[in-house]
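Peer 1: Each residue of the sequence shown is one higher than the one before, counting from 18 in this note's numbering.
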Amino acid sequence: MIRFALKCACGHRFESWFRDNAACEELMAAGHLTCPACGGGPVSKAPMAPFVASARSAERAETEAKLDERLRAALIKLRDAVESSSENVGTAFAEEARKIHYGEAPKRAIYGDATSEEIEELTEEEVEFSRIPWLPKGNS
Ligand SMILES: [Zn+2]
18 MIRFALKCAC
28 GHRFESWFRD
38 NAACEELMAA
48 GHLTCPACGG
58 GPVSKAPMAP
68 FVASARSAER
78 AETEAKLDER
88 LRAALIKLRD
98 AVESSSENVG
108 TAFAEEARKI
118 HYGEAPKRAI
128 YGDATSEEIE
138 ELTEEEVEFS
148 RIPWLPKGNS
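1) By DSSP's criteria, glutamate 143 is part of a beta bridge. Which residues make up the other side?
2) Looking at C-alpha atoms only, which residue of Gly28, Trp151 and Cys52 is the closest neighbour of alanine 98?
3) So is tyrosine 128 buried or exposed if we call it buried at 16+ other beta carbons inside 10 Å?
4) Would you kindly work out how many angstroms separate the C-alpha atoms of serine 147 and tryptophan 34, rounded to a whole number?
5) Where does valine 99 sit, in a helix, a strand or coil, going by DSSP?
6) Output the residue ranges of the alpha helix (DSSP H) runs that lie fully inside the region 21-69 and measure 4 residues or longer, sorted by chain position.
7) Can you give the Cα-Cα distance for alanine 126 and arginine 30, rounded to whole angstroms?
8) Taking DSSP as the reference, what is the three-state secondary structure of glutamate 104?
9) Report all residues from its chain with a CB closer than 6 Å to the CB of methionine 18; omit the five preceding and five following residues, and keep chain order.
10) Say yes only if the C-beta of histidine 29 is nearer than 7 Å to one or more non-hydrogen atoms of ligand 3, and no if none qualify.
11) What's the call for alanine 78, buried or exposed, on a 16-neighbour Cβ count within 10 Å?
12) Given the structure, does alanine 40 come close to ligand 1, in the sense that its CB is under 7 Å from one of the ligand's heavy atoms?
13) Between which two residues does the alpha helix (DSSP H) harbouring isoleucine 127 extend?
14) Tell me whether the beta-carbon of isoleucine 136 lies closer than 8 Å to the beta-carbon of leucine 95.
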């Protein structure tokens with residue numbers, strides 16, 4: 018299989034795969050190749066231009082931006098769900114989580130910040146908690 022950059026009479030550029038060069042020439046000569054943008058012909062070979070490469074990377078960036086957007090939306094939803102169902106204990110998270118674990122504070126859902134040392138300690142004490150990616154408020 019070989020890929021060629023092609024262009025139609027009105028200048029649309031596109032790419033297509035062929036069995037080999039001869040197959041491409043044959044299809045072009047027979048007028049079987051049409052432009053995917055305007056459906057027209059005749060179609061001829063175009064040089065593999067940087068234009069094609071940049072169009073492709075733009076497409077990729079767009080896909081990534083869409084994914085990013087979806088991820089953000091999911092994180093905002095997650096944050097809202099946590100906020101509405103849990104108590105914000107801020108930086109006292111580790112202390113509060115430990116108290117709940119040892120029954121010194123009422124069992125409830127809490128959320129807040131913890132340092133990496135605190136997280137290590139909680140893990141060692143087998144206090145149940147989970148880490149979630151948190152989107153800062155100003156970012157939504
Ligand atoms: Zn065209």
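From the three backbone atoms N, C-alpha and C, an ideal C-beta is built for every residue, glycine too.
Since the structure is predicted, the reported quantities are computational estimates derived from the model, not experimental observations.
Peer 2: So, to answer that:
1) By 1-based counting over the sequence shown, the position of residue 143 is 126. According to DSSP, glutamate 143 bridges with nothing at all.
2) Position 81 of the sequence shown holds residue 98. Selected option, being the one with the closest Cα: Trp151.
3) As a working note, residue 128 is residue 111 in the sequence shown. Tyrosine 128 comes out buried.
4) Mapped onto the sequence shown, residue 147 falls at position 130. Mapped onto the sequence shown, residue 34 falls at position 17. In this structure, the CA atom of serine 147 is about 49 Å from the CA atom of tryptophan 34.
5) What you label residue 99 is simply residue 82 of the sequence shown in a count that begins at 1. For valine 99, the three-state secondary structure derived from DSSP is helix.
6) Runs of the alpha helix (DSSP H) lying entirely within the region 21-69 and spanning at least 4 residues, in chain order: 38-46.
7) The residue given as residue 126 occupies position 109 in the sequence shown. The residue given as residue 30 occupies position 13 in the sequence shown. Cα to Cα, alanine 126 sits roughly 57 Å from arginine 30.
8) On the sequence shown, position 87 is the one that residue 104 refers to. For glutamate 104, the three-state secondary structure derived from DSSP is strand.
9) Translated into positions along the sequence shown, residue 18 becomes position 1. The beta carbon of methionine 18 lies closer than 6 Å to those of Trp34 in the same chain, with the five residues before and after it left out.
10) Questions concerning ligand 3 fall outside what the structure shown contains, since the ligands it does hold are ligand 1.
11) One-based indexing of the sequence shown puts residue 78 at position 61. By the 10 Å Cβ count, alanine 78 comes out exposed.
12) Against the sequence shown, residue 40 aligns to sequence position 23. Taking the Cβ of alanine 40 as the reference point, every heavy atom of ligand 1 lies at 7 Å or farther away.
13) Start at 1 with the first residue of the sequence shown, and residue 127 comes out as number 110. It is not in any alpha helix (DSSP H) - isoleucine 127 instead sits in the beta strand (DSSP E) that spans 127-129.
14) As a working mapping, residue 136 is identified with position 119 in the sequence shown. As a working mapping, residue 95 is identified with position 78 in the sequence shown. No, Cβ-Cβ distance for isoleucine 136 and leucine 95 is not below 8 Å.
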